[in-house]
Amino acid sequence: MRILCIHSDYIEIEPKEKAIAQAEEIEKVKKRIEDCLVVFTAVEQEDERGIEKRAFEEIKKVAEQIKAEKIVLYPFVHLTSNPAQPKKALEILKALEKELAKSFFTYRAPFGWYKAFEIRCKGHALAELSREVKSVKEEKIEEVPEALKEEERVKSFWYILTPEGELIEASKFDFSGHENLEKFFRYEHAKSRTLDKAPPHVKLMKELAIAGNEEGSDLGNMKYFPKGRLIKSLLEELVTREAIKFGASEVETPVMYSAEHAALESYLNRFPARQYFVESGDKRFFLRFAACFGQFLMASKAVISYKHLPLRLYELTRYSFRREKSGELAGLRRLRAFTMPDMHTFCKDFEQAKEEFAKQFKLCMHVLEKIGLSKDDYECAIRFTKEFWENHSDFVKKIVREFGKPVLIEMWSFRYAYFDPKFEFNFIDALDKASALSTVQIDHENAKRFGITFVDEQGKEKHPYILHCSPSGAIERCIYALLEKAWMQKEKGKAPCLPLWLCPVHVRLCPVNDSFLEDCERLARFFEEQGIRVDIDDRNESVERKIRDAEHEWIPYIVVFGERERKTGKLSVRVRKERSISQMSKEELAEDIKKQIAKYPFRQLSLPKKLTQRAVFTH
Ligand SMILES: [Zn+2]
Numbered sequence: 002m003r004i005l006c007i008h009s010d011y012i013e014i015e016p017k018e019k020a021i022a023q024a025e026e027i028e029k030v031k032k033r034i035e036d037c038l039v040v041f042t043a044v045e046q047e048d049e050r051g052i053e054k055r056a057f058e059e060i061k062k063v064a065e066q067i068k069a070e071k072i073v074l075y076p077f078v079h080l081t082s083n084p085a086q087p088k089k090a091l092e093i094l095k096a097l098e099k100e101l102a103k104s105f106f107t108y109r110a111p112f113g114w115y116k117a118f119e120i121r122c123k124g125h126a127l128a129e130l131s132r133e134v135k136s137v138k139e140e141k142i143e144e145v146p147e148a149l150k151e152e153e154r155v156k157s158f159w160y161i162l163t164p165e166g167e168l169i170e171a172s173k174f175d176f177s178g179h180e181n182l183e184k185f186f187r188y189e190h191a192k193s194r195t196l197d198k199a200p201p202h203v204k205l206m207k208e209l210a211i212a213g214n215e216e217g218s219d220l221g222n223m224k225y226f227p228k229g230r231l232i233k234s235l236l237e238e239l240v241t242r243e244a245i246k247f248g249a250s251e252v253e254t255p256v257m258y259s260a261e262h263a264a265l266e267s268y269l270n271r272f273p274a275r276q277y278f279v280e281s282g283d284k285r286f287f288l289r290f291a292a293c294f295g296q297f298l299m300a301s302k303a304v305i306s307y308k309h310l311p312l313r314l315y316e317l318t319r320y321s322f323r324r325e326k327s328g329e330l331a332g333l334r335r336l337r338a339f340t341m342p343d344m345h346t347f348c349k350d351f352e353q354a355k356e357e358f359a360k361q362f363k364l365c366m367h368v369l370e371k372i373g374l375s376k377d378d379y380e381c382a383i384r385f386t387k388e389f390w391e392n393h394s395d396f397v398k399k400i401v402r403e404f405g406k407p408v409l410i411e412m413w414s415f416r417y418a419y420f421d422p423k424f425e426f427n428f429i430d431a432l433d434k435a436s437a438l439s440t441v442q443i444d445h446e447n448a449k450r451f452g453i454t455f456v457d458e459q460g461k462e463k464h465p466y467i468l469h470c471s472p473s474g475a476i477e478r479c480i481y482a483l484l485e486k487a488w489m490q491k492e493k494g495k496a497p498c499l500p501l502w503l504c505p506v507h508v509r510l511c512p513v514n515d516s517f518l519e520d521c522e523r524l525a526r527f528f529e530e531q532g533i534r535v536d537i538d539d540r541n542e543s544v545e546r547k548i549r550d551a552e553h554e555w556i557p558y559i560v561v562f563g564e565r566e567r568k569t570g571k572l573s574v575r576v577r578k579e580r581s582i583s584q585m586s587k588e589e590l591a592e593d594i595k596k597q598i599a600k601y602p603f604r605q606l607s608l609p610k611k612l613t614q615r616a617v618f619t620h
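Structure, rendered in structure tokens:
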């Protein structure tokens, strides 16, 4: 579609006679519109329905710049040598008119008529602008990059590798006792990413006031309420701590990069239709989809000797952006803006890269375990070329032996992308969908592309191998996995729980009535001093109601406080996980909790302590 925008003092339009048989039926009246943006529009052959949304965005941008409130949509076939069939052109014009009418006073000049018109252009810098708008589909076809073409040519062979070192064709493997691995293999094989129904965690994240879609933003850009923010920041801190403990140096790099930067272009072109672009002045930027470029550009300027290797850079990206298809977005599982712990390790040779790969495999297992996801919760896939397997099968077998359960192997006929090998840990959710959490890959190309070098033992400049690693996968996805896991536990008849260190509130105090409020406040101060998150249900509600609501919030320890507790100093504690009531002193309860959360990050509750003081966040 081509458009020509003229910011005008006025336009006067007078339909004279039909120019084509398909002309619209109209009343022949003269129309004058003052102070408007006239948009001459030609719909082209390749335009598809849906293009009106993009055209609308372009026109809106222009209108906003010049502060126009009225739009005149003027069908003007002469802007193109490749016009669409009249029927389709009119259909798209009407759709565009409808879209515009939501935000502007909109008038569309009659379609298919010879019209006399008089226009007065305002004649300032932005008064005349022309644009070319393309259907998304077409853009994709035009820009299919080399790597994607290669991806279509590459052949995948699927196997299961057992801890005993047996490589068995996946279709012939006996999956009994490995049901999740089978689900994972089937999911991988189907390659379908579209969701037919909402995964259970979507309901939970709303009920627990964790997160919600922000309608004022794009799809897949979430808002986090205080409890959700707390959970998220604890996870962020845990993964960052573990990465630093592993030997990484934490850095911070920009979120946007020039679309014209030579080294970034080929990287960018891998997923051309999945970028967010930012226009600023006459420059065009794209939002990062990972921390790779930032860290690579940093490394390309660093002075590195072989003695410094392996060199590990780490960044927690808040955010990384990827414009996933709207049909694939699902709660916290797949987003357009996500928080990615992203580590890159520069290695002097392939041996060192392999060594690091094996170490990071263990790091990833350790991080997931700490988060609350055990080896039973995820399945491993290792992917590599046939050539890699022929030369390094013992290496792969050792990893799988140590992993201790069968692993899905994807073997490629050749290396179609920059990496070989890679692995991921995949969480299988309540709908049997697989989602990658941790991942590591060895990169053969980008050091050269980004001009990253080190000086080797002989004083020669060399390109390192680079490992890309996310020790946990996106933080949002970890929350998704924990919620889905809790849901599946509930299905098995257990109380759904979050790991204790992630529970926004550890202890809820429920005074039987107002006369016990002061006791509870004292008790709350005691727990707070011990580094425990505590709140007080001071609402004028029955004890039953208070307990029910606390259970609804998944509070792990609920304490009802009345006459008996005041007298004896013993608390009756409802322990969610065990679905039991225990009698214990406040010190015993504090010790019990502290023992469980001792090795984890801690943050204070950032909500008022008393429930009556809290606003209610809704979606
Ligand atoms: Zn990377």
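When we follow our numbering, the leftmost residue of the sequence shown carries the number 2, and every step to the right adds one. Beta carbons: idealized from backbone N, C-alpha and C, even for Gly.
- Using a C-beta cut-off of 8 Å, the stretch 150 to 161 makes no contact with the stretch 128 to 135, since fewer than three inter-stretch Cβ pairs fall below that distance.
- Ligand 1 has no heavy atom closer than 8 Å to the beta-carbon of H464.
- The count of Cβ pairs closer than 8 Å, one atom from the stretch 399 to 419 and one from the stretch 260 to 267, stays below three, leaving the stretches out of contact.
- Excluding five sequence positions before and after I34, the CB atoms of its chain that fall closer than 7 Å to its own CB belong to Y11, I12, K71, V73, Y108, given in chain order.
- At least one heavy atom of ligand 1 lies closer than 8 Å to the C-beta of H469.
- For E119, the enclosing beta strand (DSSP E) starts and ends at 114 to 122.
- Around the C-beta of D343, 16 or more other C-beta atoms lie within 10 Å, and the residue is accordingly described as buried.
- Not one heavy atom of ligand 1 is found less than 8 Å from the C-beta of H125.
- A distance criterion of 8 Å places the beta-carbon of H345 in contact range of ligand 1, judged by its closest non-hydrogen atom.
- The bridge partners DSSP lists for M412 are F158, F385.
- Placement of the Cβ of C293 at a distance of less than 8 Å from at least one heavy atom of ligand 1 is found.
- Secondary structure at Y419: coil, using DSSP grouped into helix, strand and coil.
- The secondary-structure analysis by DSSP pairs F286 across a beta bridge with S259, V279.
- In the displayed model, R604 falls within coil according to three-state DSSP, outside both helix and strand.
- Q276 is classed as buried because its beta carbon has at least 16 other beta carbons within 10 Å across all chains shown.
- Taking C-alpha positions only, E370 is separated from E425 by approximately 15 Å.
- Here A212 has M206, M223, Y225, G229 as same chain residues with Cβ atoms under 6 Å from its own Cβ, once five neighbours each way along the sequence are excluded.
- Here S327 carries a helix assignment [DSSP, helix/strand/coil].
- Counting only runs of 3+ residues, the beta strand (DSSP E) found wholly inside the stretch 435 to 522 occupies 435 to 444, 466 to 471, 508 to 512, in chain order.
- Leaving aside the five residues that flank R121 on each side, the residues in its chain whose CB is nearer than 7 Å to its CB run, in chain order, S9, D10, Y11.
- Short of 7 Å from the beta carbon of C37, and not among the five residues preceding or following it, lie these beta carbons of its own chain, in chain order: S9, I12, A69, K71, I72, V73.
- A straight-line Cα-Cα distance of about 15 Å links L499 and K204.
- For L239, the closest of H309, R334, L364, M585 by C-alpha to C-alpha distance is L364.
- Looking at S607, C511, E208, Y188, the one whose alpha-carbon comes closest to that of T619 is E208.
- Taking 9 Å as the cut-off, the beta carbon of K233 is found closer than this to the beta carbon of I480.
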